[in-house]
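Shown next, in structure tokens, is the structure this report addresses.
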Amino acid sequence: MPDLWRVPPQAWRGLSPQLRRLRRLLLAAGALPAAALAALVGSTFLGPPGLLVAFAPLGAAVWAWHAIGRAWDAWRYAERDDDLLVQHGVLVRRLAVVPYGRMQLVDVTAGPLARRFGVAQVRLHTAAATTDVVIPGLAPDEAARLRDALAERGRDRAVGL
Amino acid sequence: MTSAGSEPADEYHHLHPLTPLLRGWLLVGAVAASVLRNFVEEISARGVLITLLLLLPTASAYGYCAWRFTRYRVNAESIRLETGLLFKRFRDVRLDRIQAVEIAQPLLARAAGLAVLRLDLGGAHDGDEESGTSLSYLSLERARTLRAELLARAAGVAPDIGEAPERPLTVVPPGRLAASIALSPAPWLALAAAFVLITPALLTGTFAGFVAVTPALVGVWRTSFRRFASGYHFTVSESPDGLRVRGGLLNRAHHTVPHGRVQAIRLRSSPLWRWPGWVEVQINVAGEARSMLLPVAPRAQAVALIERLLPKVDLGAVAMLPPPGRARLLAPLRWHHIRCGADDQVFVTQSGRLWQRTEIVPHLKVQSIQVVQQPLHRVLRLADVHLDCTGGPVRIRAGLRDVQEAYRIAAGQAERSRLGPHATLTARTDRSDDPPPAQTEYDSPLAAVCAPEYGPAG
């Protein structure tokens, strides 16, 4: 469908690699202690073969590692002349089209950890409560640029309710 | 209170003098109850007297001051409300942002001949007090003239023409309303459940069943009664400043939806209503909690009303397309009832087998568009298209379309939303504050791809 949207492939932008790193770090921070705990519990009750129990959390973590990569890959956005396209989702695929004239607010947020990693989240609001369009990990400069660009185009094309 | 027209525009007004009494009755009642409970052991007339002597002047002084320091002013652009004894609060509501003006009469206020005037702005938080403001209480007559003045000013008409004449479009007779409630499944299901629970109790002679069932029966009676009470003498009428909707047995509600503020419409019929051919009509209006436009009406009447709300729309002429045949695998029973279609003004979807729904959204009111593909949908190359619109219960979803078609619908919708303000300015010509539509010279590559009459993917 790229030809339907008339967006050249290079106009689609992805998320910052820092977001993928941040998420994988969080995953590792959770999975390694879980594996250690599983190994400890397994060996206590089953003896040395019980160490194999540790592979369960490790396997899940490996799968999640890939899932993070795929979700990160799938998330992309494109600014067209009059609207913003945001596509994401691996299992459930979603494409959102938000005309600039309908945007009411653009939020840029970054938690303490995200700030450390240099990622920020951009969230768009329209007058409809069901509009839930998020671009989760952008470099702060890109997030600020996007916010300003969206606000400016929104002003030019604003439509009342 | 003199009429709105004879006063200078920037003069302050006070609310009705009975306001503190009506506002405070709950407080007074609570205090009286606690006083009574304290004195019930040792009822001394002296104690009660002292309490009352202390309480009454304080309460009335506070009430008087609160009333004295609450005032409002209407001028050409805004209505300003000042409240607060110590901490002053000023609230300016811009008249051109008003989405709807409502006159409500709660039971007690109705007895006193007073009314609440509510101004709804299309805030992001539905039903939130902060997004609008209300003046309580005014005399009913004052509320009417003020509403007329606000609506006239908001519409850019001379403010002193008085209340606009109105022409009734639809009235719901109480008999039909009662029949419609009797024909909806909820009361019968509850009765059947009660019967199932009570019969063993009667046979065995233990009455525990009654105890269990009574709350459910009371609940059903209450919801049914509420439906009846809120729909009693429901009237929709048309006036130059918008659509007037009023009704109610105990609490009278009376609100006005200015032209062009209807965001989406839904027609719904419950299974038993199909036999008399009745539908219920609900609308989305930004920032307005009330969504009922017609509790029950014959379908033709409802369609006529909708076509009056959305001029230039002919619902019968919109070509409704079924989803592809392979969608039957996911919705074997519903398939025949899932349809969607569009003309150059509105997008229409149909869904539901038992509760059949028809949802209508004008292209101009679509806020954002989403194409959602569940895993199973992907196997069958299907997708849903959601058109997000503001406020209220109506959600527009074109379900189970072919993937290519779904993306084409979304692209076409995006294109219409771009072209919209130029092409269809019908309902909003009276608005003066809107910035002129952006007249940039855009090339229109999508126009060819997404003509309004898209067909199945081919």
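Protein sequences, first through last, are from chains A and B. Residue 1 is where the first sequence starts when you use UniProt numbering, and the numbers rise one by one after that. Residue 1 is where the second sequence starts when you use UniProt numbering, and the numbers rise one by one after that. C-beta: ideal position from N, C-alpha, C; glycine also.
Please report how far the alpha carbon of residue i lies from the alpha carbon of residue j, in whole angstroms.
i                : j                : result
Pro112 (chain A) : Pro140 (chain A) : 13 Å
Ala78 (chain A)  : Ile68 (chain A)  : 21 Å
His363 (chain B) : Leu84 (chain A)  : 18 Å
Leu37 (chain A)  : Leu26 (chain A)  : 17 Å
Trp65 (chain A)  : Ala56 (chain A)  : 14 Å
Ser145 (chain B) : Ile103 (chain B) : The question names Ser, but residue 145 (chain B) is Thr in the sequence shown. Whole-angstrom Cα-Cα distance: 11 Å.
Ile181 (chain B) : Arg227 (chain B) : 8 Å
Thr109 (chain A) : Arg416 (chain B) : 32 Å
Thr199 (chain B) : Arg222 (chain B) : 23 Å
Ser78 (chain B)  : Ala59 (chain B)  : 33 Å
Arg176 (chain B) : Arg268 (chain B) : 16 Å
Arg76 (chain A)  : Phe117 (chain A) : 20 Å
Val159 (chain A) : Arg290 (chain B) : 24 Å
Thr70 (chain B)  : Ile306 (chain B) : 41 Å
Pro174 (chain B) : Ser184 (chain B) : 16 Å
Arg6 (chain A)   : Ala411 (chain B) : 10 Å
Arg155 (chain A) : Gly101 (chain A) : 7 Å
Leu36 (chain B)  : Thr51 (chain B)  : 11 Å
Arg46 (chain B)  : Ala32 (chain B)  : 15 Å
Glu280 (chain B) : Arg167 (chain B) : 21 Å
Since residue i is in the alpha helix (DSSP H), which residue starts that stretch and which ends it?
i                : result
Ser16 (chain A)  : Element bounds for Ser16 (chain A): n/a, residue is neither H nor E.
Trp188 (chain B) : 185-204
Val366 (chain B) : Unbroken run through Val366 (chain B): none, as it is neither H nor E.
Pro140 (chain A) : 140-157
Phe117 (chain A) : 112-117
Val379 (chain B) : 375-379
Gly175 (chain B) : 174-182
Gln301 (chain B) : 299-309
Going by beta-carbon coordinates alone, are residue i and residue j separated by less than 8 Å?
i                : j                : result
Thr358 (chain B) : Arg397 (chain B) : no
Val236 (chain B) : Leu151 (chain B) : no
Ile360 (chain B) : Gln413 (chain B) : no
Val346 (chain B) : Leu294 (chain B) : no
Tyr51 (chain A)  : Ala39 (chain A)  : For clarity, residue 51 (chain A) is Leu in the given sequence; the question names Tyr instead. Yes; because the gap between Cβ atoms is below 8 Å, this pair is in contact.
Leu4 (chain A)   : Tyr232 (chain B) : no
Ala190 (chain B) : Leu217 (chain B) : yes
Gln367 (chain B) : Asp388 (chain B) : yes
Leu135 (chain B) : Tyr62 (chain B)  : no
Val122 (chain A) : Leu22 (chain A)  : no
Ala155 (chain B) : Asp241 (chain B) : yes
Gln282 (chain B) : Arg266 (chain B) : yes
Arg334 (chain B) : Leu321 (chain B) : no
Glu238 (chain B) : Arg147 (chain B) : no
Val296 (chain B) : Val394 (chain B) : no
Gln104 (chain A) : His88 (chain A)  : no
Val257 (chain B) : Leu243 (chain B) : yes
Leu400 (chain B) : Leu330 (chain B) : yes
Phe341 (chain B) : Ala319 (chain B) : Note on identity: in this sequence residue 341 (chain B) is Gly, with Phe being the wrong assignment. Going by C-beta atoms, Gly341 (chain B) is nearer than 8 Å to Ala319 (chain B).
Asn251 (chain B) : Gln404 (chain B) : no
Arg153 (chain B) : Ala76 (chain B)  : yes
Val371 (chain B) : Leu95 (chain A)  : yes
Ala229 (chain B) : Leu249 (chain B) : yes
Val101 (chain B) : Leu81 (chain B)  : no
Leu58 (chain A)  : Ala29 (chain A)  : no
Looking at the unbroken beta strand (DSSP E) that takes in residue i, where does it start and where does it end?
i                : result
Leu138 (chain B) : 133-139
Arg357 (chain B) : 356-362
Ala56 (chain A)  : Looking at the DSSP string, Ala56 (chain A) is not in any beta strand (DSSP E); the run it does join, the alpha helix (DSSP H), is 55-74.
Ala342 (chain B) : 339-342
Ala398 (chain B) : 396-402
His125 (chain A) : 120-126
Arg80 (chain B)  : 78-83
Leu387 (chain B) : 382-388
For a test of your reading of the model: does the CB of residue i fall under 7 Å from any non-hydrogen atom of the ligand MN? Yes or no.
i                : result
Val159 (chain A) : As presented, the structure is devoid of all ligands, the ligand MN included, so that no description of it is given.
Starting from the beta carbon of residue i, find every residue of chain D whose beta carbon is closer than 8 Å, and list them in chain order.
i                : result
Ala410 (chain B) : Within the model displayed, chain D is absent; protein chains A and B are what it includes.
Review point. Do the stretch 264-275 of chain B and the stretch 82-100 of chain B make contact, defined as three or more Cβ pairs closer than 8 Å?
Key: no
Check your understanding: Hey, is the stretch 13-29 of chain B in contact with the stretch 106-122 of chain B, meaning 3+ C-beta pairs nearer than 8 Å?
Key -> yes
Point to revise | Touching by the beta-carbon criterion (3+ pairs, under 8 Å), the stretch 133-153 of chain A and the stretch 11-20 of chain A | key: Judged by Cβ distances under 8 Å, the stretch 133-153 of chain A makes contact with the stretch 11-20 of chain A, as three or more pairs qualify.
**Study point:** Selection of the stretch 8-36 of chain A by Cβ proximity to chain B, strictly under 7 Å
**Key:** none
Practice item. Please name the residues in the UniProt domain "YdbS-like PH" (234-307) of chain B whose beta-carbon is closer than 8 Å to at least one beta-carbon of chain A, in chain order. Key: Arg261, Gln263, Ala286
**Study point:** Contact residues within the stretch 71-86 of chain A, judged by C-beta distance below 7 Å to chain B
**Key:** So the list reads Asp81, Asp82, Asp83, given in the order they occur along the chain.
Exercise for review: Could you please tell me which residues of the stretch 106-122 of chain A, in chain order, have their CB closer than 9 Å to any CB of chain B?
Suggested key: none
Exercise for review: Using a Cβ-Cβ cut-off of less than 7 Å, list which residues of the stretch 357-375 of chain B approach chain A; keep chain order.
Suggested key: Of all residues in the stretch 357-375 of chain B, only Gln367, Ser368, Ile369, Gln370, Val371, Val372, Gln373, Gln374, Pro375 place a beta-carbon less than 7 Å from a beta-carbon of chain A.
Practice item. Name, going along the chain, the residues of the stretch 42-59 of chain A whose beta-carbon falls closer than 8 Å to a beta-carbon of chain B. Key: none
Practice item. Identify each residue in the stretch 133-147 of chain A for which the Cβ-Cβ distance to at least one residue of chain B is less than 8 Å, and report them in chain order. Key: Val133
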